[in-house]
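Numbering (UniProt numbering), first residue to last: 1 to 426.
Ideal Cβ positions, reconstructed from N, Cα and C, are used throughout, including at glycine.
First the structure, in the form of structure tokens, and then the observations on it.
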């Protein structure tokens, strides 16, 4: 796997030995400490070593060494992840993700198709790139949360004027009403962040087909560049490309379902399994999509769970109760969040779970544990747009995606440490 620091210096990541053993973490810690020393020498300053959450041998990480870009493969398909770490920039603005989506758009050739599900658009660079793509003969289709139609920033309306019928503002058309696409809830929103490209180049300049991009970042500075975020781009997984195009079609056509219940695994609706991911889409009325996935974690002394969440609300008590149960069962659990409501915070702290606050917009869970029927520990990353709020599960259009890869886990582990180690104890 290739990794790049937030300041742009590339290095080859050491291959970790199996498991989150002291040998693995000691090797990674020594590498980071060595890099920290080099940064300190080059800047004439000192880089402070911070505790990475209380686990002996855990990696020491600072915002100076934040991971921005990684690449690996899943089932033979190239995968790139991009991260923002605003603390690594003097002005708190990390353009990594916005620059990458602009690059993907700009590298889409004439005759190709871009489909985008956008929750919020105020970054003019993205708007301009989409308009330029349309003008050079790319088919551009956008399903956008209805609130953007009334935003004080005119970027969404400028894009609508350029795309015409190929951009749909979802919902009932009012400033204060329903703004979702598939969801019928009066307070529902279209919160998914998703692009598909029939063709575009990867970061090395190779033209590829069937490209899918998803994650936590909005097309804004506030929640795309000025907060901790993550995105995943998968190249060449035709099944995923087709499935997510089908999902986009439901959003774009504002296709509704009885009882506002989109997720139905038996009908392969809102649930997709491909060589690279398992994906789950809300609204879902019969279960908690997050709890049902994390319930498969087998708690023991080797289990590790790391949570980075923009919003942890008291309206999802089952998730918090599950984290407490995992902690009591032997798992080590760490949490970093931007908005954690009082009852949830108290439950976590009373269970001895370490909680920190930071400017996090991620919606990720990292799991190193036995999972489902596995006899060995697995490396899992859960990501997407799904906050731990009532609305995310029952009212909104959201994506919750599971990936399995030690390389991806390692990249997200570093990103988590950037946010957690520089956070404030709660």
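Inset, instruction - Alpha carbon to alpha carbon, how far is residue 232 from residue 119? Give it in angstroms, no decimals. - result: If you take the alpha carbons of residue 119 and residue 232, they lie about 17 Å apart.
Legend entry - residue 236 beta carbon less than 8 Å from that of residue 209: yes
Inset, instruction - With a 10 Å radius around its C-beta and 16 neighbouring C-beta atoms as the bar for buried, classify residue 127 as buried or exposed. - result: buried
Legend entry - Cβ neighbours of residue 133 in the same chain (closer than 7 Å, five flanking residues each side left out): 105, 108, 114, 140
Legend entry - Buried or exposed (CB count within 10 angstroms, at least 16 for buried), residue 316: buried
Inset, instruction - With a threshold of 16 other CB atoms inside 10 Å of the CB of residue 135, please say whether the residue is buried or exposed. - result: Counting other Cβ atoms within 10 Å of its Cβ, residue 135 stays below 16 and is therefore classed as exposed.
Inset, instruction - Report the three-state DSSP secondary structure of residue 357 (helix, strand or coil). - result: strand
Inset, instruction - Can you tell me which of the three DSSP states residue 404 falls into? - result: strand
Inset, instruction - Confirm, please, whether the CB-CB distance from residue 74 to residue 302 is below 8 Å. - result: no
Legend entry - Bridge partners - residue 416, DSSP secondary structure assignment: DSSP lists no partner for residue 416.
Legend entry - Cβ-Cβ distance between residue 281 and residue 219 below 8 Å: no
Inset, instruction - Would you mind stating whether residue 291 and residue 320 have Cβ atoms separated by less than 8 Å? - result: no
Inset, instruction - Can you check DSSP and say which residues form a bridge with residue 79? - result: 72, 234
Inset, instruction - Give every residue of the same chain whose Cβ lies closer than 8 Å to the Cβ of residue 325, excluding the five residues on either side of it in the sequence, and list them in chain order. - result: 299
Inset, instruction - Mind reading off the beta-carbon distance from residue 333 to residue 345? Whole number of angstroms is fine, and I expect it under 8 Å. - result: Rounded, the Cβ-Cβ distance is 14 Å, inconsistent with contact.
Legend entry - Local conformation of residue 152 per DSSP, three classes: coil
Inset, instruction - Going by CA-CA distance only, name the one from 343, 288, 183 that's closest to residue 390. - result: 288
Legend entry - First and last residue of the uninterrupted beta strand (DSSP E) at residue 340: 332-340
Inset, instruction - With DSSP as the reference, please indicate the residues paired to residue 144 in a beta bridge. - result: 118, 169
Legend entry - 8 Å Cβ cutoff met for residue 365 and residue 307: yes
Inset, instruction - Between the Cα of residue 214 and those of 240, 205, 189, 264, spot the shortest distance and give me the residue it belongs to. - result: With distances taken between CA atoms, residue 214 lies nearest to 240 out of 240, 205, 189, 264.
Inset, instruction - Take the Cβ of residue 362 as the centre, count every other Cβ of all protein chains shown within 10 Å, and call the residue buried at 16 or more, exposed below. - result: buried
Inset, instruction - Examine the ligand ZN and report whether any of its heavy atoms sits within less than 7 Å of the Cβ of residue 367. - result: Although the ligand ZN was asked about, the structure shown includes no ligands whatsoever.
Inset, instruction - Answer yes if the stretch 176-184 comes into contact with the stretch 253-262, meaning at least three C-beta pairs across the two stretches below 8 Å, and no otherwise. - result: yes
Legend entry - residue 262 in three-state terms, based on DSSP: In the structure shown, residue 262 sits in coil (DSSP, three-state: anything other than H, G, I, E or B).
Inset, instruction - Go to residue 125, then tell me how far its alpha helix (DSSP H) extends in each direction, as first and last residue. - result: 124-135
Inset, instruction - Please list, in chain order, all residues of the same chain as residue 147 whose beta carbon is under 6 Å from its beta carbon, the five residues on each side excluded. - result: 179
Legend entry - Cβ contact check for the stretch 142-160 and the stretch 68-88: 3 or more pairs under 8 Å: no
Inset, instruction - Return the first residue and the last residue of the alpha helix (DSSP H) that residue 364 is part of. - result: Note, residue 364: premise wrong, no alpha helix (DSSP H); beta strand (DSSP E) at 363-371.
Legend entry - Integer Cβ distance of residue 248 from residue 322, believed to fall under 8 Å: About 31 Å separates the two Cβ atoms, so there is no contact after all.
Legend entry - Cβ-Cβ separation, residue 250 to residue 396 (assumed contact under 8 Å), whole Å: For residue 396 against residue 250, the beta-carbon gap comes to about 14 Å, at or over 8 Å, which does not count as contact.
Legend entry - DSSP beta-bridge partners of residue 312: Within the DSSP bridge table, the entry for residue 312 names 340, 388 as partners.
Inset, instruction - Measure the C-alpha to C-alpha separation of residue 382 and residue 166 and round it to an integer number of angstroms. - result: Computed Cα separation, rounded: 31 Å.
Inset, instruction - Mind reading off the beta-carbon distance from residue 369 to residue 293? Whole number of angstroms is fine, and I expect it under 8 Å. - result: In fact, because the Cβ distance is near 13 Å, the residues do not count as touching under 8 Å.
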